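See structure below.
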Amino acid sequence: MTGIAQGPQPQAGPNRGSISLQGVTRIFAGTIPAVDGIDLEIKAGEFFTLLGPSGCGKTTLLRMIAGFEVPDAGRILISGREMQDVPAHKRAVNTVFQSYALFPHLNVQQNIGFGLRMQGVKAPERKTRVDAIMELLQIGPFATRNAAQLSGGQRQRVALARALVNEPEVVLLDEPLSALDAKLRNELQIELLRMQKRLGMTFIFVTHDQHEALVMSDRIGVMSKGRVQQVGPVLDVYEKPRNVFVAEFLGLSNIWPINPGGGAQVDTPIGPLQITASVGAERMAMIRPEKIWMWPTRPERPNVFAGQVSEAIYMGASTQYRVALTDAPAAPPILVLDTNNVAAERSWQAGEMVFVELKPDNVMMIEG
Amino acid sequence: MSNIPRGVRNGLLGVSLPVYLLLYAPLAIIAVFSFAPSLHHPGLNVAAYGLLANDPQVLAAIRRSLVLALCSAALGTMLGTLMGFGLSRFRPAKGGGFWVGTLPSLIIYLPIIMPSLVFGISEMIFFNYVHQYTGLLSAGLLTMGIAHVTFQAPYVALVVYARLAGLDANLFEASHDLYANGLKSFLYLTIPVVRPALIGGFLLAITLSIDDFTISFFTAGPGSVTLPIYIYGEIARKGSSPEINAIGTLMIATVIGVALLYYVVTRQQGRIGQTSAA
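For the protein sequence lines, the chains are A and B, in the order given. The letter at position 186 of the first sequence is residue 433 when you use the numbering used here, and the numbering goes up by one with no holes. The letter at position 256 of the second sequence is residue 258 when you use the numbering used here, and the numbering goes up by one with no holes.
What follows is the structure in structure tokens.
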């Protein structure tokens, strides 16, 4: 990167783009903390997603990394550098806002070039770089249009280009796809991901959409009530949620309270369950509905329960069943998700008798 | 349009036509009568305008009105802009609360709905007291200017506030995010973005000042007869005349001109990006 007269000094080395949050806390006007003592390490070049319901503090956390909010306690390090006294305009961090925040008095090119212009990059180099990023994001056809004349998808591209053109160490994305329709959203998810892998910048993506988080991220941090509930690779967080909140926020699940029976068995409201996981402080058993097998006849294996299909909802690629267990009529019906692929032996109608199998490997122990 | 029943449409037309007539017929009549024949000039003619151009009293009044309008509008726009920024920053929606959000906006907007008669009389009494005890602020163009600024500023504040409130709340953060410090953000974002509102507010302030009679009347001194006060005096002495009609016509033309300018400028605010350089 050449020609930078002002603005942030680029950091070199493997640390470039890493983020370290240490006990970061933000309290608004004496109420409960919006962000409550968060410790988090985000690796350089990672696509990291902060996932949580609205009001969980994820946007506040993002705003503190950007420099729009100052933590009341704790430290933020970007590329290994303490950010306490570094204002937003001196951080090598660029944000894609949920509302896009395109400048209404500038056209698309001028919007994209704004950051370079503020850093004192000379016009010829500015043009080269703006043109390059516009080419990459296929913005050329509407380069001279005004922000007000763009569609939602085009605005999103321009907002992304305006951040990427500065080659920042970290790109922050605050629910950038939430205003778009489903099809465009899927397209842009893929494009965003491709762009991130290609440019190798650290992306921190904030969303409340668990599907989006699963599709895009290297790692996810699930947030609730100002705290990080669980951090890990997508697969781990989905398959081995730490607690009920994470299990339920990331997808459908069957959850029962347990009494440890000692050894490889726990007592649940649906009866004793054999498990392979070891039981520590956890007091809940969880199994994802797509991990449950349905059989017309009883297989001679552990964790098989007789029941009746009480509800069958066809959802295209899959069907969602509720099965009321014969031996545990008081327990809520079990949720089962079955794919409608070519290998599926059969589907089930409401009222049919079935046997559901909860393989011990698939039963997870989680916290309340 | 087409799904409005014919009867309703005719009814609406029956109401709106007389309203337009009442609004614009008097203006048309004044304009026509400014060309009316007089004792020495039979037939439609421009003699009234010739008299105006040679009447030192009229010319002085026009000059005073323009000086007053330009000076007060300049000051009123500056103050009003600051007020507009303040209102926008502490608006209740942004957590300003009653004392720093709602109350200041109420106080600022009060002069807009306050009857100008009350406003004018209280200003007159106030200036009198100040003059009596300090010797400063004797009634004249200065007191009129101060009074004009006080009623112009809220209107400008309203225009500027409306512009700021219509902007994306993250715009200013976006500029900082893109490496602009406070000064650069002000120069390259704030100023260009509120410029249409500034120009619009300034033009509005000018028309308000040129147009004002009530407050001007109470705050004027013997040496500060502006156009509206001059017209009032002439009509009180000898009733309507072609010269008064001519002055009226000129004022109408001026105000329509300023209003058109205002319209063009405010319409432009969405399109500025296409014309300015990278």
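Glycine included, every Cβ here is placed at the ideal spot set by N, Cα and C. All values derive from a computational prediction rather than experimental measurement.
Between A167/B and S107/B, the beta carbon gap of about 11 Å keeps them out of contact (Cβ cut-off 8 Å).
Straight through space, the alpha carbons of T449/A and E293/A are spaced by roughly 5 Å.
Ranked by Cα distance from M611/A, the first of T515/A, D585/A, A571/A and A564/A is T515/A. For F204/B, the closest C-alpha among the options C73/B, G9/B and D57/B is that of C73/B. No Cβ of chain B is located within less than 9 Å of the beta carbon of G399/A.
Using a CB distance cut-off of 9 Å, R263/A does not count as an interface residue toward chain B. In the three-state reduction of the DSSP assignment, R392/A falls in the coil class.
Of the residues A597/A, G518/A and S525/A, the one whose Cα lies closest to the Cα of I560/A is A597/A. By the CB criterion at 9 Å, M365/A and A182/B fall inside the cutoff.
By the 16-neighbour rule on beta-carbons within 10 angstroms, G468/A is buried. Less than 9 Å divides the Cβ of I32/B from the Cβ of G250/B. In the three-state scheme derived from DSSP, where H, G and I count as helix and E and B as strand, R535/A is classed as coil. Secondary structure of A571/A (DSSP, three-state): strand.
Take the alpha-carbon of M381/A and the one of I325/A: they are about 28 Å apart.
Not flagged as an interface residue toward chain A: L200/B, since no C-beta distance is shorter than 9 Å.
Per the coordinates, the alpha-carbon of M463/A lies some 12 Å from the alpha-carbon of M442/A. Chain B has no Cβ within less than 9 Å of the Cβ of T566/A. Cβ-Cβ distances below 6 Å link N413/A to N341 and G362 in the same chain, with the five nearest sequence neighbours on each side left out; the list follows chain order.
For the stretch 176–190 of chain B, the beta-carbon criterion of a distance under 9 Å to any beta-carbon of chain A is satisfied by A176, S177, H178, D179, L180, Y181, A182, N183, G184, K186, S187 and Y190. Where A30/B is concerned, the enclosing alpha helix (DSSP H) starts and stops at R8 to F35.
Close CB contacts of I123/B within its chain, under the 7 Å cut and outside five residues either way in sequence, are with F220 (chain order).
Close partners of V195/B in chain A (Cβ separation under 8 Å): F350, P351 and H352. Taking P415/A as the centre and dropping the five residues before and after it, the same chain places the C-beta of A339, V340 and N341 closer than 6 Å to its C-beta, in chain order. For secondary structure counted as the beta strand (DSSP E) over 3 or more consecutive residues, the stretch 390–436 of chain A holds these complete runs in sequence order: 417–421. In terms of Cβ geometry, H455/A and P280/A do not form a close pair [threshold 9 Å].
Assigned with DSSP and collapsed to three states, R263/A falls in coil, not helix or strand. Counting along the chain, D213/B sits inside the alpha helix (DSSP H) bounded by residues I193 to D213. For L169/B, a Cβ of chain A is located within less than 9 Å of the residue's own Cβ. S226/B places its beta carbon 9 Å or farther from that of Q154/B. G45/B carries a coil assignment under DSSP once its states are collapsed to helix, strand and coil.
In its chain, beyond the 5 residues on either side, I266 and F295 have a beta carbon closer than 6 Å to the beta carbon of I289/A.
When the Cα atoms are used, L143/B and A63/B turn out to be separated by approximately 11 Å.
Between N550/A and L605/A, the beta carbon gap of about 4 Å places them in contact (Cβ cut-off 8 Å). Linking F492/A to K430/A through their CA atoms gives a straight-line distance of about 29 Å. In the three-state scheme derived from DSSP, where H, G and I count as helix and E and B as strand, Q269/A is classed as strand.
Between the alpha carbons of T566/A and I539/A lies a distance of about 13 Å.
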